[in-house]
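> Just dropping this structure here.
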Amino acid sequence: MIDHILLKHVGSLVKIFLDLSIIYCNARDLDCWLLCVTSKCVKQLTLKNHKHKRYTLSFCIFDCPTLTCLDVTSFIVKQPSPKVFFPNLLELTLKFIKFCPDKANIVLNTPLLSSLTLIACNGVHLLTISTPRIEFLTIDDKSYYEEARFITWSLLLYLCSNLTRLVLINSCIQVFNSLRERKIGEVTYYLEDPNCVDQQFEKLKCVELREFEGTIFELIFLRQILAYSPFTFKDYC
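The opening residue of the sequence shown carries number 1 in UniProt numbering; numbering runs sequentially from there.
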């Protein structure tokens with residue numbers, strides 16, 4: 001049915017929403033559908049997958065310059081080349097993504113990106129994102145402490161000088177009580193480093209912390225962000 005609809009369509013595609021949770025398909029079917037969609041210059045693409053099986057995101061997605069909005073849930077990402085360029089992408093949402101670069105880290109170049117959401121992604125420390133114009137950043141990270149992840153979020157914040165809204169959910173600052181004393185010391189030392197957040201957020205108006213517990217890690221990290229945000233409204237929940 002999907003093959004028939006896509007092949008029958010004449011002209012470019014504006015918006016495609018594909019929920020793999022309610023249909024049966026194999027990896028070959030999915031690759032064919034996405035190849036057809038990208039060849040028709042799709043602008044907005046949403047891929048939902050709530051099955052236990054994760055598909056690998058088709059390489060053709062990384063070669064689709066017309067994309068302005070990309071929303072992907074529960075896929076494996078293996079890029080065809082170390083550097084990926086989305087010249088017109090404005091909104092990017094990645095949920096439960098597993099990054100598995102073959103050789104080098106993934107470098108994602110998105111010069112026009114204004115909104116970025118990263119939720120429960122695995123291997124995010126292998127991802128480098130160039131986002132000079134980003135205004136809205138949401139990070140939800142429910143993983144155990146890894147120093148590389150802390151550094152990744154700090155570097156991402158460093159690149160986002162135009163931020164107007166920042167939402168953190170368990171992000172970088174949520175550390176489980178099971179951490180050994182040595183690990184707690186490492187986290188505290190890293191967060192207290194002035195270089196942890198070394199960026200002036202002149203345009204940042206709102207910082208929202210969800211599932212805020214008031215731990216020392218959260219307070220230190222929040223203090224670092226607010227110290228560089230002179231015009232910020234704060235919200236905690």
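The beta carbon of each residue, even a glycine, is placed where N, CA and C say it ideally should be.
Keep in mind that this is a model prediction, so the values were computed, not measured.
Can you give me the start and stop residues for the alpha helix (DSSP H) that Thr38 sits inside?
27-39
> Buried or exposed: where does Asp63 fall if 16 or more other Cβ atoms within 10 Å of its Cβ makes it buried?
exposed
> Can you tell me the Cβ-Cβ gap for Ile139 and Leu168, rounded? I've got them flagged as a contact below 8 Å.
6 Å
> Output the residue ranges of the beta strand (DSSP E) runs that lie fully inside the region 108-143 and measure 3 residues or longer, sorted by chain position.
115-119, 127-130, 136-140
> In chain order, what residues of the same chain have a beta carbon less than 6 Å from the beta carbon of Lys203, not counting five sequence neighbours either side?
Asn162, Thr164
> Taking the alpha carbon of Cys41 as the point to measure from, which residue in Leu90, Ser12, Cys32 has its own alpha carbon closest?
Among Leu90, Ser12, Cys32, the Cα nearest to that of Cys41 is on Ser12.
> What is the rounded straight-line gap between the Cα of Leu156 and the Cα of Leu113?
13 Å
> Run through the DSSP bridge pairs and tell me what Gln44 is partnered with.
Lys15, Cys69
> Is Thr128 near the ligand GDP, with its Cβ less than 7 Å from a heavy atom?
Ligands are entirely absent from the displayed structure, and the ligand GDP is therefore not among its contents.
> Can the beta-carbon of Ile119 be found closer than 8 Å to that of Phe96?
yes
> Can you name the start and end residues of the beta strand (DSSP E) that Leu92 belongs to?
91-95
> So, at 8 Å on beta carbons, what are the nonlocal neighbours of Ser21 in its own chain, with the 5 sequence-adjacent residues on each side left out?
Lys48, Asn49, His50, Lys51
> Quick check: what's the CA-CA separation for Ile16 versus Ser229?
38 Å
> Can you tell me where the beta strand (DSSP E) holding Leu209 begins and where it ends?
206-210
> Report the residue from Asp71, Pro65, Gly123, Leu108 whose alpha carbon sits nearest the alpha carbon of residue 238.
One cannot answer for residue 238 here, as it falls past the ends of the chain, which runs 1 to 237.
> Helix, strand or coil for Leu166? Go by DSSP, reduced to three states.
Strand, per DSSP.
> What's the gap between the Cα of Glu213 and the Cα of Leu137?
Their backbone Cα atoms lie some 21 Å apart in a straight line.
> Closer than 7 Å by C-beta to Ile61: which residues in its own chain qualify, once you throw out the five before and the five after it? Chain order, please.
Leu34, Thr38
> Quickly, what does DSSP pair Lys78 with across the bridge? List them, please.
Per DSSP, none; premise fails for Lys78.
> Tell whether a beta-carbon distance below 8 Å holds between Val14 and Lys53.
no
> Could you tell me the distance, in whole angstroms, from the CA atom of Ser58 to the CA atom of Leu30?
8 Å
> Sort out for me which residues DSSP pairs Tyr55 with in a bridge.
Phe75
> Would you call Asp19 buried or exposed, if buried means 16 or more other Cβ atoms sit within 10 Å of its Cβ?
exposed
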